[in-house]
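Down below is the structure, laid out as structure tokens.
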């Protein structure tokens, strides 16, 4: 009871800190950074279900991000649609593109799938350069902000916070209930999962489409934060960055990738020398985590919490119930 | 029209070389390393640096480029593959080789610069030779020689037979006293040398460019998957086909849709013949 209460109190404090963030950050740049983390998180939360839970290594989600961003820039900027409505359409388009990408590629085994998603990211860049009338080609497009009441930096931040919370809640519900169990089963052994009645392809496709929707919405938020997008905004390294955030945070948790996103986004901004070596640093982090702690930092934190909270180690020793066994044997003797 | 065919075959030869490097690594370890394209990139960049930057004679530059490729192949095995295979988690090698590929690409980008730089002439030849220019026939010739050399190595030497035994069944080979770990290390050295040599000879076509690795990793893989995993003949045919296809696509539709068409080819082949044109059918283990 007290542990549960402590958890709720912690979550409440965390929520208050996040909501009141615009009032105590020192400058607008830090608020922008927090918004950027939020926009990334909207995408990563969906991707986490694909990479962290289902074990499908999609390294090309930056392509879906680009689709969402361009969709938002074209609808809200060129056609002058309502920004909030455009964002919803971006999510739908992201889901549609996710379905188109997922239908052929999710049938492929691990490395083939990773290569297909990487190729998809390159194709999106190619098409955004080729379709100059629609996307502005190499010169890019300027992106409008959201309309009132979200047109101020803090309004925008609260919008992102609300969407991020909603999507975190959705993924949390998926992860902790039956669906999440099925996803983890598919990750650990597809054959075993299929043998207990999990429809593997449908499950993968559903989760992938969901991640496409979040990528589309995340792309819209990202574009409005960047305020100008070109094909160079969506380099392949960003896709790698999403991927690294999830892997270092730990597969099969939600808190781990969130911490990974916060740290990996904020660190190169706050520590200047890291910015130059940004992508090299992501590669190094990925290598170290894969080789030394493949479960990710989230697992380390979990282990430390279990160690210090003093929860007794549960033993699974099986003892024969000798009294019942004796009674049953006696019954048989009497019967015979 | 002839220009399109010749240049398509030349770039296809580079893809085929990357596919060969994939094959050499895959045969002993069943790992498809993301660093494969970067082996060729290293051959090109270091070849240009040795010859144009340091002013070394061309044979020394060639040996140096091959050595750098082989060294990186070996490092890939030690850092990215050996520990991961020992733990036998099937997806982790993808992550570790991806991390290594990113690191080497960024390191080369920071050191060499992000602009493509010209590669020096290897054989004295006039620039007016047109289609018979060395930048076209050199990669084609070398990749055919490499495929033939690999085939001879597998068939005629004892080490080649050890490679084949390990590729057929690593556990059985180990039981017969073959040091499969050492064979695997050697195969990564060999594939690094293949990649380095290919990158060196194709340098005049592709330029010494740090971002070449990722595109070669992808296109080499497409060539390999189309031709059939594990088959060297398939690698040659797949590479030539992919090169011709993208050259004709560029000729007909302009250069913007090259990648889209290449991936379209991959999807088509995977749908119709999942094992590739020359690949052996594999039974899925349950």
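Residue numbers (our numbering), protein chains in the order written: chain A, 37 to 372; chain B, 15 to 300. Positions of the beta carbon are idealized from the N, C-alpha and C atoms, including for glycine.
### Query
Under the rule that 16 or more other beta-carbon atoms within 10 Å means buried, what is residue 93/A, buried or exposed?
When all chains shown are included, residue 93/A counts as buried.
### Message
I'd like the ranges of any alpha helix (DSSP H) spanning at least 4 consecutive residues and lying wholly in the region 213-263 of chain A.
### Response
Qualifying alpha helix (DSSP H) stretches, in chain order: 214-224, 226-231 and 236-262.
### Query
In terms of alpha-carbon separation, which member of 237/A, 80/A, 269/A and 138/A lies closest to residue 175/A?
Considering only 237/A, 80/A, 269/A and 138/A, the residue with the shortest C-alpha distance to residue 175/A is 269/A.
### Task
Measure the CB-CB distance between residue 275/B and residue 259/B and report whether it falls below 8 Å.
Going by C-beta atoms, residue 275/B is nearer than 8 Å to residue 259/B.
### Query
Quick one: what's got a C-beta closer than 8 Å to residue 138/A's C-beta in the same chain, skipping five residues either side?
The answer, listed in chain order, is 240, 241, 244, 245 and 248.
### Message
Residues of chain B with CB closer than 7 Å to the CB of residue 316/A, please, in chain order.
### Response
Chain order gives the chain B residues near residue 316/A as 117, 120 and 121, where near means a beta carbon separation below 7 Å.
### Query
Using the rule of at least 16 other Cβ atoms within 10 Å of the residue's Cβ for burial, across every protein chain shown, is residue 52/A buried or exposed?
With fewer than 16 Cβ atoms within 10 Å of its Cβ, residue 52/A is classed as exposed.
### Query
So does residue 205/B have its beta carbon nearer than 7 Å to some heavy atom of the ligand NAP?
Ligands displayed in this structure: none; no statement on the ligand NAP is therefore possible.
### Message
Per the DSSP calculation, residue 131/B is bridged to which residue(s)?
### Response
222/B.
### Query
Applying the criterion that 16 or more other CB atoms from any shown protein chain within 10 Å of the CB defines a buried residue, is residue 114/A buried or exposed?
Residue 114/A comes out exposed.
### Task
Mind checking which residues open and close the alpha helix (DSSP H) that includes residue 149/B?
148-170 is the extent of the alpha helix (DSSP H) around residue 149/B.
### Reference residue 70/A, options 79/A, 57/A and 81/A, closest by Cα
Its Cα nearest to that of residue 70/A, the residue 57/A stands out among 79/A, 57/A and 81/A.
### Message
By the DSSP assignment, the alpha helix (DSSP H) with residue 119/B in it spans what residues?
### Response
That run of the alpha helix (DSSP H) goes 106-126.
### Sequence-distant residues of the same chain with beta carbon closer than 7 Å to residue 111/A, five excluded per side
Counting only residues of its own chain and dropping the five nearest sequence neighbours on each side, residue 111/A has a CB closer than 7 Å to the CB of 117, 122 and 125.
#### Entry: Cβ distance (whole Å) where residue 280/A is taken to contact residue 306/A below 8 Å
18 Å between Cβ atoms; not a contact.
### Opposing strand residues paired with residue 158/A [DSSP bridges]
Answer is none; residue 158/A lacks a bridge partner.
### Query
Does residue 288/A have its Cβ less than 8 Å from a Cβ in chain B?
False, the Cβ-Cβ gap to chain B never drops below 8 Å.
### Proximity winner among 107/B, 121/B and 120/B, relative to residue 146/A (alpha-carbon distances)
Here the closest residue by C-alpha is 107/B.
### Query
Cβ of residue 119/A within 8 Å of Cβ of residue 180/A?
Yes. Within cutoff.
### Task
Answer with yes or no whether the minimum CB distance from residue 275/A to chain B is below 8 Å.
No, its Cβ sits nowhere closer than 8 Å to a Cβ of chain B.
### Task
Go ahead and pull the three-state DSSP assignment for residue 205/B.
Here residue 205/B carries a helix assignment [DSSP, helix/strand/coil].
### Message
Quick check on residue 272/A - is its C-beta less than 8 Å from some C-beta in chain B?
### Response
So yes, residue 272/A belongs to the interface.
#### Entry: Euclidean distance between Cα positions of residue 267/B and residue 166/A
Note on geometry: alpha-carbon atoms of residue 267/B and residue 166/A lie some 11 Å from one another.
### Task
Answer yes or no: do residue 238/B and residue 36/B have a C-beta to C-beta separation smaller than 8 Å?
In this structure, residue 36/B lies closer than 8 Å to residue 238/B by Cβ.
### Query
Taking DSSP as the reference, what is the three-state secondary structure of residue 57/A?
The three-state reading of DSSP puts residue 57/A in helix, counting H, G and I together.
### Query
According to a CB-to-CB cut-off of less than 7 Å, which residues of the region 277-311 of chain A neighbour chain B?
So the list reads 283, given in the order they occur along the chain.
### Task
Put residue 177/A into one of helix, strand or coil per three-state DSSP.
If DSSP states are grouped into helix, strand and coil, residue 177/A belongs with the strands.
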